[in-house]
Structures are given as structure tokens and as C-alpha cells.
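Worksheet for the structure shown next.
Number of protein chains: 4
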Amino acid sequence: MARPKSNDKRNNILAACKVVIARDGLNATTADIAKEAGIATGSLFTYFPTKTDLLNELYVVLKTEMTAALTDKLSGKNNREKLHNGWAAWTDWAAINTEKHVVIELLRNSDQLTKESRAFGDAAIKPVFDLINANVVKLETNYPNDFLYELIDAISIKTMDKMAARPDKAAEYREAGFETVWKIITKG
Amino acid sequence: MARPKSNDKRNNILAACKVVIARDGLNATTADIAKEAGIATGSLFTYFPTKTDLLNELYVVLKTEMTAALTDKLSGKNNREKLHNGWAAWTDWAAINTEKHVVIELLRNSDQLTKESRAFGDAAIKPVFDLINANVVKLETNYPNDFLYELIDAISIKTMDKMAARPDKAAEYREAGFETVWKIITKG
Amino acid sequence: MARPKSNDKRNNILAACKVVIARDGLNATTADIAKEAGIATGSLFTYFPTKTDLLNELYVVLKTEMTAALTDKLSGKNNREKLHNGWAAWTDWAAINTEKHVVIELLRNSDQLTKESRAFGDAAIKPVFDLINANVVKLETNYPNDFLYELIDAISIKTMDKMAARPDKAAEYREAGFETVWKIITKG
Amino acid sequence: MARPKSNDKRNNILAACKVVIARDGLNATTADIAKEAGIATGSLFTYFPTKTDLLNELYVVLKTEMTAALTDKLSGKNNREKLHNGWAAWTDWAAINTEKHVVIELLRNSDQLTKESRAFGDAAIKPVFDLINANVVKLETNYPNDFLYELIDAISIKTMDKMAARPDKAAEYREAGFETVWKIITKG
DNA sequence: AATGAATGAGAATTCATTCAT
DNA sequence: CATGAATGAATTCTCATTCAT
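Top to bottom, those sequences are chains A, B, C and D. Just so we're aligned: the first sequence equals residues 1 to 188 in the working numbering. Just so we're aligned: the second sequence equals residues 1001 to 1188 in the working numbering. Just so we're aligned: the third sequence equals residues 2001 to 2188 in the working numbering. Just so we're aligned: the fourth sequence equals residues 3001 to 3188 in the working numbering.
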């Protein structure tokens, strides 16, 4: 088998897609993405049959990576510390990977995502909450759970935005965000 | 701020723009918007020199209307009640004016808004918080204020989304959202 | 109403389409057709929503014109002369309007024609045969009628091809073709 | 004539080409043809330097096969029967080998055939007519011979089309076609 | 040879904006 | 001013052919 479809190239395209979208927005051209990836315009379609497929795959990949940043860090000597460590890992990831965070949000707010991708993105966060719920923190709240998850998600995004916008005050925003979440999930 | 005298046709176009964008997303065609407004495609451009101008104006108009829905209702027999009434008025407005709420969010997440429009939108909420801060509720928190505002904004949007998605449980989400906000701004 | 959609321009496009297809075959580009018509590439689509629509319309128009060339001439002092005059008018039209004849055949043999257009083309010839059948010649044959019509059609096309290919012998081929048809439809 | 030694792979490609063109029309992809032949897209080009070459070769091959179906059968106890047997063999071949017949016609009406292929196709039928002319039937007609050949060819195609379209009436159309031809070539 | 990924010149169509009427 | 046809650059995707493996 000559010149097998390389996973590297596939990843190059995804990375290029991320870069170009972060730069040009969702109207980024497949031609520009291909150029950024260092391949011919037609080659992009060897790896992704349509632009929409590429966009959806990118969303899933980024969302997976983002979630992974959190999952490993949910440890600490007590529940608050466990959650704090997870939160810090999560938001720091976004503050460092600004492009990825930005692109995730662009995609989420677009009409390009399929139901499946969107569900995947939502599901990606779910295990984390299950983890919190079951093992780490005893949720002391009466909110509808789905709503609580979405609120925390929204707060995390705002926190990440702020951290990215003001790297000099990143830690401050990170902690303020955490306090907010902690307040919400604990009975007071 | 705003524009000079907005005549009927301008407003027709803005209203049509809102309808079509809610239906077709931000890729809505100027031709379709004009048709919805009952005018010729070319006429649109005598009122708004570019599509971007139209979009920005629409954002400002909707954001203004949205804020107005809140401002008048900040009354009640105590601080909590005052804020609750304001909150209810605000979120109910969005739950009823789904189209407008949706379009505001689409625009906010687009790359079409100028710095000025975006600043205007952010400013629109500011007086409300000043009002809260100065007259209604004594904020008992140590957060950076700008962050607090944005968090509450984010929570309000999620609340509105939920209310619009589940009209049958609108009240429940509205109250849950309020409790969240109240928790955040009060010392606990 | 400013600059009304001109019928002249529509006809220009159809004429240009005919010219370019005769020159380049069915793969003729919409861009080339537009250029030949002296309009912008986009303007073509104001008049014909898709290339296929243009092609179908062209077929119908040409087929109509071709049939008209025959219909008026079915006169003469006896049946044979009547039919002969019709035949001559028909084949002469094709010999003179070579481009049109060629394009009709290209379209007929393409996969671009809708059932409707094809049916229209078939129907166009039908009245002529009805005319022959009812008023001009008493068909003395036992063939299935539809088959007879198609055979005559096929013979006419071959005759036209020959006449166009050898203008110097056009009359000879025209008469040979006629004798063939006459032989077929008369009892011998 | 034809090509040197055609190995199995060449023939596989030709057969696949026929199948795919019958299914997808002349816009059939070289990639699809290769897949149908069970080889890699690139391999196709080691056997046929260009798509056009493949198409031309296919035409020649099919036309040869078609002619062969007729040549052997020109026997019978008199001229009419001899020709009738040939005609039957010929049209039956097409009615059975619908795909081949269809592809021959598609190619003939395309702009892909070289002068040479077209000439070959025309020549393929010539010997048959020479045979008819010299040995089987004494043609009693004054037509230009080339024209007569083409007319009979055209009639045969129509007959084949009809037979393929209505297998239940194949025999009827076959005989009607024959009578037509017989009428044309005999003095009346 | 065989493979199938890589190439890049098109091709049809869209759409914000202009401008003749 | 209103109209809507005209414009043409831009966009996604295709496909015959090449070429690295």
C-alpha cells in the first residue's frame, strides 16, 4: 500500500483548521485550511469528505482533549480540594490553549454541528459531573441537575474567557470562578 | 448611541432581519431580509450601507429593548424582592421574545459585531448593575466587579435558554436561576 | 420596475448556449455561455436557475422551432406532394440550421433532459404524424404506429445529417430520404 | 486492427468500463471504473494512457463483437431468409446485450471518439453490407450506397431500442424492423 | 507492476453590492 | 427614492492524472 493515508496529515489538517478558524472565523476557506496544512486543496477532501465533516471532527477532538485535561486531576485531600484541582486544570488548559477554547466556542455557536457532535460534546462533560456527583463532592443542591451542569459549564467558559483576556490576572479569575461554583453546589 | 430618527422602513428592515436570522442563521441573505421587509433588495442599502451595519444596528436595538424590560421592574418591598422582580421581568422577556433572544446570541457569537456595538451591549447591562449596586442590593462579595457582571449575564442567558426550550418548566428554571444569582451576590 | 428581465437577454442566452454547445459539446461551461451571451457569469442564473434548466429549455425551444418549419408546408396537389413538401421543409431547415440540429441531437442523447422535455420533444412531432395520418396520407401499413413514427424520425435525422455533411449533395439525400419514407408508409 | 495481445486485466477494465458507463453514463469516473475492475485507480492508466483511449478502445471492441454476431448468420435458403437470419441475430444480440448496445450508442453520440474509432465502427458494418451486396441479396435500389447503409444502421438501432424497451414485444419489433429494411432494399 | 494518496485546474452556483431605469 | 437585474469575486467540491512507496 503506497503512501498510506497518514494520521499525521489528518491531524495536520485538524490543527490547521483550528488555526485558520481562530484567525478568520467560521467562514475560513477550505483552500486556506489546506494551504495552512501544507497540502493541495483537493487533498483535504481525501481526509474529510465535506467541510462540515471536518468542522464536526474538529469539535469532537478539541472537546475530548479539553475534557481529558480535567479528568485526571480530580484528586486532593478533601472534596473541595479535589474539585478545585480539577477546576484549575480545566481552566488553565483553556487559558493556555486559547485558540482551541475559542474554536470550540465558535463551533458550538454555529449551525454546523450535527446533533451527534453536540451530544458528544455534552456527554464529554457528563462523566466529570457524574464523578463529582458520585465520588468527590456530595452535591448539596436541589436544582434540576441538567441545569446545574449547564450553569457550571457557562461559568467555566466565562472564567476561561477572562483568564485568556487577562493573563496577568488569570489566577484571580480562576479562583473567583471556583468560588462561584463551590457556592452554587454547596448548601448555604 | 442609537440612530437619529428611525423611520418606519428602517424599523421594518430591522424587524425583518431579526425574523430571517432567527430562521436561517447569520448566513441569511440580504435579499431574503429585504423580501421579508417587503422592499426591494437594493432598497435595503439605502437604509443600511452594508450588511454588517444592519447587523450591528440590530444588535444594539435588541440589546436596548432587552435591558429596558428589566430597568423598570426593579421594585419591591426589600432588596431580594426588588432583584427578583427585575430578574423575572428580564428572563420572562427573553422567554417570550425567543427570536430576539436567539438573534442577540447569534450576533454576540459572530465576528460581525464592531467593538463599539459589543461595548454598547456590555454597557447596556452596566447601568442595571450600578442600579443594583447602589440602590437595590448591597453586593456582598469580593469578586472583581466586571467578572461578576459577566457571570450573572452568562447565568441569565442559560436561564433564558432553558426557559425557552422548556416553556412548561419556565418558572422553575427562572427561580433556580435567580437562586443561583442570589447565592453568588450574597455573602454566605 | 427598473431594468425588467428582458426577453431579448433570455433569448441571447439560449442562442449563446446553442452556439457554445455546438462548438464545445455538452460540457460547455456556464461561464463560456455567459461570455458568449455578453453577460456576467452570475446573470445567467437570473434567467435560468440551473444549467440543466437552461439545457432543457433550449431543447424545447429548438424542437418547437424545428417542428414549426414543417407544419406549415404540408400542402400540395396530392398526398405524395403534400408529404414531400413537408419533408423538404423539415430537412432543409435542419440542413440550414445545422447548429440547431446538432444541438438537438446532443441534448437528446444526453442525460440532462427531464422526462417532461423529452416528452415534449416527442409530442412535438406527434401532431405532424396525426396530420399525415388523418388528412394527408392514408397510411397503408400494419406497423405499430409508435414504431413507425420513430423510424421516420430516425430516417429524418440521418437524412439531415447527410445533407449537412454534404451540402453539395443535399438535394440528392433529401430525395433519397423521402423515397425511403414513402416506401415505408405505402403498401407495396 | 484491435490491439496486440489483450491480457486479462485489460479485458477486465474494458468490461468494468462498460458496466459503469451503462450505469452512470459517460461521466463515469475513472476511479469508479477501476473499482469495478477490482484494481487501483492508478493501475487503470498503465493499461490505458487516458480515459479517452479507454473509451475508444471499448467502442471498437463492442462494435466488433456486435458485428460478429451478425456475420456468421447470413445463411438461409434464399436471399430474404439469409438477410432475415442475419437481421435477427443482430438485433437479438443487442436485445440480450442491452448494456453493450447502450454503451455503444452513448459513445457514438459523445465527443470522445476519435475519427479513427468512428471510422472503424462505420467500417465494421461495411463488410456486412458488402456481403449482402455481393453474395446474399442483389440490392435493387438507386440510393447512394453509403446513405443506404446508414439508414439501415439507424433503423437497426431503433429496432434494438424498442426490443430492449419492450422485451415482451421484442419479436414483433424485430420483424417490423426487418420488413422495413426489406422494403427499402427491394424494388417496389 | 501495483497501489491509492496527492495534485490543482476547473465547474456550478451564491450573494453583497451597484446601478440603469 | 424605489426597484430588481447585473455584476463577478469567491466558495466548495470533483476528477483525470501523477508519483511516492
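The C-beta atom is built at its ideal place from N, Cα and C for all residues, glycine as well. The structure presented is a predicted model; accordingly, all values stated were derived computationally and were not measured.
{"Asked": "Is there a Cβ of chain D sitting closer than 9 Å to that of glutamate 2209 (chain C), yes or no?", "Found": "Since the first residue shown for chain C is 2001 and the last is 2188, residue 2209 (chain C) is missing from the structure and cannot be characterised."}
{"Asked": "Taking 9 Å as the threshold (C-beta atoms), are leucine 1014 (chain B) and serine 1030 (chain B) in contact?", "Found": "Looking at the sequence provided, one finds threonine at residue 1030 (chain B) rather than serine. For threonine 1030 (chain B) and leucine 1014 (chain B), no; Cβs fall outside 9 Å."}
{"Asked": "Can we say the stretch 2095 to 2109 of chain C touches the stretch 2158 to 2170 of chain C, given the rule of at least three CB pairs closer than 8 Å?", "Found": "yes"}
{"Asked": "Just the C-alpha distance for leucine 83 (chain A) and alanine 89 (chain A), rounded to the nearest angstrom, thanks.", "Found": "10 Å"}
{"Asked": "Does DSSP classify asparagine 78 (chain A) as helix, strand or coil?", "Found": "coil"}
{"Asked": "Output yes if chain B places a C-beta closer than 9 Å to the C-beta of glycine 25 (chain A); else output no.", "Found": "yes"}
{"Asked": "Would you give the residue range spanned by the alpha helix (DSSP H) that proline 1127 (chain B) belongs to?", "Found": "1115 to 1131"}
{"Asked": "Hey, how far is the Cα of alanine 1069 (chain B) from the Cα of phenylalanine 1129 (chain B)?", "Found": "14 Å"}
{"Asked": "Considering only the alpha carbon of each residue, which of D:Arg3080, D:His3101 and D:Gly3042 lies closest to threonine 3064 (chain D)?", "Found": "D:His3101"}
{"Asked": "Hey, could you find the ends of the alpha helix (DSSP H) arginine 166 (chain A) is sitting in?", "Found": "Neither: arginine 166 (chain A) is in no alpha helix (DSSP H) and is coded neither H nor E."}
{"Asked": "Secondary structure at serine 3043 (chain D), three-state DSSP: helix, strand or coil?", "Found": "helix"}
{"Asked": "Here's the rule: buried if 16 or more other CB atoms are within 10 angstroms of the residue's CB, otherwise exposed. What is threonine 50 (chain A)?", "Found": "exposed"}
{"Asked": "For lysine 2009 (chain C), tell me which candidate among C:Leu2107, C:Asn2027, C:Ile2033 and C:Ala2022 has the shortest Cα-Cα distance.", "Found": "C:Ile2033"}
{"Asked": "Flag glutamate 150 (chain A) as yes if its beta-carbon sits less than 9 Å from any beta-carbon of chain B, otherwise no.", "Found": "yes"}
{"Asked": "Which of the three DSSP states is assigned to tyrosine 59 (chain A) in this structure?", "Found": "helix"}
{"Asked": "Buried or exposed, going by whether 16 or more other CB atoms sit within 10 Å of the CB of arginine 3003 (chain D)?", "Found": "With a pLDDT of only 46 at arginine 3003 (chain D), under 50, the local geometry of the prediction cannot be trusted, and the value read off the model is given with reservation. Arginine 3003 (chain D) should be labelled exposed."}
{"Asked": "Which one of C:Ser2110, C:Ile2155 and C:Ser2075 has the shortest CA to CA distance from asparagine 2193 (chain C)?", "Found": "Lying outside 2001 to 2188, the shown extent of chain C, residue 2193 (chain C) is not represented and no answer is given."}
{"Asked": "Return helix, strand or coil for tyrosine 3143 (chain D), following the three-state DSSP convention.", "Found": "coil"}
{"Asked": "Are the beta-carbon atoms of alanine 1154 (chain B) and isoleucine 132 (chain A) separated by less than 9 Å?", "Found": "no"}
{"Asked": "Taking just the CA atoms, how far does lysine 1158 (chain B) sit from glutamate 150 (chain A)?", "Found": "7 Å"}
{"Asked": "Which word fits glycine 38 (chain A), buried or exposed, when buried means at least 16 other C-beta atoms lie within 10 angstroms of its C-beta?", "Found": "exposed"}
{"Asked": "Would a C-beta distance cut-off of 9 Å place threonine 3067 (chain D) and alanine 3016 (chain D) closer than the cut-off?", "Found": "no"}
{"Asked": "Quick check: what's the CA-CA separation for phenylalanine 2178 (chain C) versus proline 2127 (chain C)?", "Found": "19 Å"}
{"Asked": "State the Cα-Cα distance for the pair serine 1117 (chain B) and arginine 118 (chain A), rounded to the nearest angstrom.", "Found": "29 Å"}
{"Asked": "Could you check whether valine 1103 (chain B) and lysine 1018 (chain B) sit closer than 9 Å to each other, using their CB atoms as the reference points?", "Found": "yes"}
{"Asked": "Output, in chain order, the set of chain D residues within a Cβ distance shorter than 9 Å of isoleucine 2021 (chain C).", "Found": "By Cβ distance, chain D contributes nothing, its closest Cβ being about 10 Å from isoleucine 2021 (chain C), past 9 Å."}
{"Asked": "Does the distance from the C-beta atom of tyrosine 3059 (chain D) to that of leucine 3107 (chain D) stay below 9 Å?", "Found": "yes"}
{"Asked": "Check the Cβ of isoleucine 1184 (chain B) against every Cβ in chain A and list those closer than 8 Å, keeping chain order.", "Found": "Thr180, Lys183 and Ile184"}
{"Asked": "Exposed or buried, what is threonine 3180 (chain D) when buried is set at 16 or more other beta-carbons lying within 10 Å of its beta-carbon?", "Found": "buried"}
{"Asked": "Exposed or buried, which one is arginine 2023 (chain C) when buried takes at least 16 other CB atoms within 10 Å?", "Found": "exposed"}
{"Asked": "Taking Cβ-Cβ distances below 7 Å as the criterion, which residues of the stretch 3107 to 3137 of chain D are in contact with chain C?", "Found": "Asn3109 and Asp3111"}
{"Asked": "I need the boundaries of the alpha helix (DSSP H) containing leucine 3026 (chain D), first residue and last residue.", "Found": "That residue, leucine 3026 (chain D), is in no alpha helix (DSSP H); it is neither H nor E in DSSP."}
{"Asked": "Expressed to the nearest angstrom, what Euclidean distance is found between the alpha-carbon atoms of lysine 3169 (chain D) and threonine 3071 (chain D)?", "Found": "25 Å"}
{"Asked": "Could you tell me the alpha carbon to alpha carbon distance between alanine 171 (chain A) and tryptophan 87 (chain A), rounded to whole angstroms?", "Found": "12 Å"}
{"Asked": "With a threshold of 9 Å between beta-carbons, can aspartate 2168 (chain C) be considered close to chain D, or not?", "Found": "no"}
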